[in-house]
Amino acid sequence: MTHRRSSEIVVITGATAGVGRATAEAFAERDANLVLLARDAEALEAFAAELEGLWQVVVRTHTVDIADAEAVAQAAQDTVDEFGQIDVWVNNAMVTVFGPLSDLSAHDFRRVTEVTYLGFVHGTMAALDQMRLRDRGVVVQVGSALAYRAIPLQSAYCGAKHAIRGFTDAVRSELLHDNSSVRLTIVHLPAVNTPQFDWAASTMAGAPRPVAPVYEPEVAARAIVWAVDHPRREVYVGRMTLLSILANKVAPGLLDRYLARTAIQGQQRSQTGQRVANNLQVPQPGHRTRGSFSSEAKASGALRVTDRTGAVVGVALAATWMACRLVQRRMRRKNIVP
């Protein structure tokens, strides 16, 4: 088959649901040819047919568990063999388990780490092996505010997101040392209305829910596409993402206590969270873009980028001070701090 070589070649992991699905749609809308990686072959083929029917793009699929480094590398090689290049690689695939550490098994914790952290390592390695040869390309890591400010009941996921940030910073410095034109960027997201809260493993009494404010996956997808076009080290999506990160730098102990008091019940719905089926080891049916929280989710959100101008720093510091004061007042009313 002859492909339109002027089109971008975009690889997306975890592409059949949530942020990955919305990102594939956003790139297809701008005429990119797509390579989709996920575990569910049926969901992949159905989504590929949908994309090709809506947009005149070529879509290829690979049934891959992102924890399998060799399979990921082979998918990258197959992409280059067919298309000749990889322009954008989006690391997005994740799994998680909700619950206090005392209730988690080492096996489950390891699985979250293998997918949500090592999966990003495998994707980055596979992408860079190909991109370095052409000295061009962008790797986008789908990060989180939780990469800076961890919260209770998500120790495995928060640990993985922290690790992704450290890993990416190290590799970025290596690329700079080599004078490489390949670029790494992280898009840090707020809570997003994806199906993960219906699929994730959990030991909590109540079914998992995102911490408000919640955004629709299309907001994240627009930020990822924006990050590809604009050379930024990191991109923060949503005001609360930036405020959480900055407030944690100023008063981490205060936030520890505030989250200890509010974030346990704040991440649970009233219905039971004990489900037999989850997507930790095998994919679940019903792949879709949005989750169960559209009634409260925002369909738009501002980007906050890491341009280090005096104006941005000044505004950020002022916002952080105001946020810390607000949190402190709330905590004093609840007798959390003296």
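Just so we're aligned, residue 47 is where the sequence shown starts under this note's numbering, counting upward by one. Where a beta carbon is used, it is the ideal one built from N, C-alpha and C, also for glycine.
- Within the stretch 74-125, the complete alpha helix (DSSP H) segments at least 4 residues long are 87-100, listed from N- to C-terminus.
- In this structure residue 131 touches residue 55 by the C-beta definition: roughly 5 Å separates them, less than 8 Å.
- It is roughly 12 Å from the alpha-carbon of residue 191 to the alpha-carbon of residue 203.
- Listed in chain order, the non-local C-beta contacts of residue 147 below 7 Å within the same chain comprise 201, local neighbours out to five positions each way being set aside.
- In this chain, residue 163 is not harboured by any alpha helix (DSSP H), its DSSP state being neither H nor E.
- Rounded to the nearest whole angstrom, the C-alpha separation of residue 71 and residue 264 is 9 Å.
- Inside the stretch 145-213, DSSP marks whole alpha helix (DSSP H) runs of 4 or more residues at positions 152-158, 164-180, from first to last along the chain.
- Considering only 313, 105, 251, 256, the residue with the shortest C-alpha distance to residue 344 is 256.
- Here residue 328 is exposed: its Cβ has fewer than 16 other Cβ atoms, across all protein chains shown, within 10 Å.
- Just so you know, the alpha carbons of residue 171 and residue 285 end up roughly 32 Å apart.
- The beta carbon of residue 108 sits closer than 6 Å to the beta carbons of 83, 121 from its chain, once the five residues preceding and following it are set aside; these are given in chain order.
- By the neighbour-count definition (other C-beta atoms within 10 Å, threshold 16), residue 311 is an exposed residue.
- For the beta strand (DSSP E) assignment, the uninterrupted runs of no fewer than 3 residues enclosed by the stretch 243-328 are, from N- to C-terminal side, 252-254, 280-283, 314-318.
- Residue 229: member of the beta strand (DSSP E) spanning 229-235, first to last residue.
- In the structure shown, residue 59 adopts extended strand secondary structure according to DSSP, grouped into three states.
- Here residue 250 is near residue 313, since their CB atoms are less than 9 Å apart.
- Ranked by Cα distance from residue 90, the options 76, 66, 164, 75 are led by 66.
- Nearest to residue 262 by alpha-carbon distance, out of 237, 124, 141, 159, is 237.
- In the structure shown, residue 238 adopts extended strand secondary structure according to DSSP, grouped into three states.
- Three or more Cβ pairs closer than 8 Å define a contact, and the stretch 125-145 meets that threshold against the stretch 172-186.
- Excluding the 5 residues flanking it on each side, residue 150 has same chain C-beta neighbours closer than 8 Å at 143, 201, 202, 249, in chain order.
- The residues 134, 184, 186, in chain order, have a CB closer than 7 Å to that of residue 274 in the same chain once the five nearest residues on each side in sequence are set aside.
- Separation of residue 57 and residue 80 (C-alpha to C-alpha, rounded to the nearest whole angstrom) is 6 Å.
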